[in-house]
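**Q** One structure, as structure tokens, below. Some questions next.
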Amino acid sequence: MKLSEKITIILGIALVATFVIGLAWSISTGLAGFWRGLPFWFIVIFCLYLLIIDSLKALRNK
Numbered sequence: 005m006k007l008s009e010k011i012t013i014i015l016g017i018a019l020v021a022t023f024v025i026g027l028a029w030s031i032s033t034g035l036a037g038f039w040r041g042l043p044f045w046f047i048v049i050f051c052l053y054l055l056i057i058d059s060l061k062a063l064r065n066k
């Protein structure tokens with residue numbers, strides 16, 4: 005795998021994580037409050053976990 009592909013994967017993870025964590029933070033600090041925003045945090049963390057695991061598999065296979 006080329007260095008540019010590895011950088012693209014890492015950059016993609018960083019951008020998605022920044023967007024989704026920012027969205028979850030915005031929901032939790034807004035009208036929903038922390039406890040109503042907590043289920044969304046669980047979804048965000050699980051999705052980021054899946055994204056990172058899949059990206060690591062792609063990096064190792066090539």
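With the sequence shown counted from 1, adding 4 to any position gets you this note's numbering. Built from N, CA and C at the ideal position, the CB exists for glycine as well.
1. Do the region 34–43 and the region 6–26 meet, that is, are 3 or more Cβ pairs less than 8 Å apart?
2. Give the straight-line distance between the Cα atoms of residue 28 and residue 64, rounded to the nearest whole angstrom.
3. When DSSP labels each residue in this structure, what does residue 34 get in the three-state scheme?
4. Does the separation of the CB atoms of residue 59 and residue 11 fall below 7 Å?
5. Hey, residue 17 and residue 54 are a contact pair by Cβ (cut 8 Å); roughly how many whole angstroms apart?
6. I'd like to know whether the C-beta of residue 43 is nearer than 7 Å to at least one C-beta of chain B.
**A** Let me spell this out:
1. no
2. One Cα belongs to residue 28, the other to residue 64, and the distance between them is close to 30 Å.
3. coil
4. The beta carbons of residue 59 and residue 11 sit no closer together than 7 Å.
5. At roughly 11 Å, the Cβ-Cβ gap does not stay under 8 Å, so residue 17 and residue 54 are not in contact.
6. Judged by its chain identifiers, the structure shown contains no chain B, having just a single protein chain.
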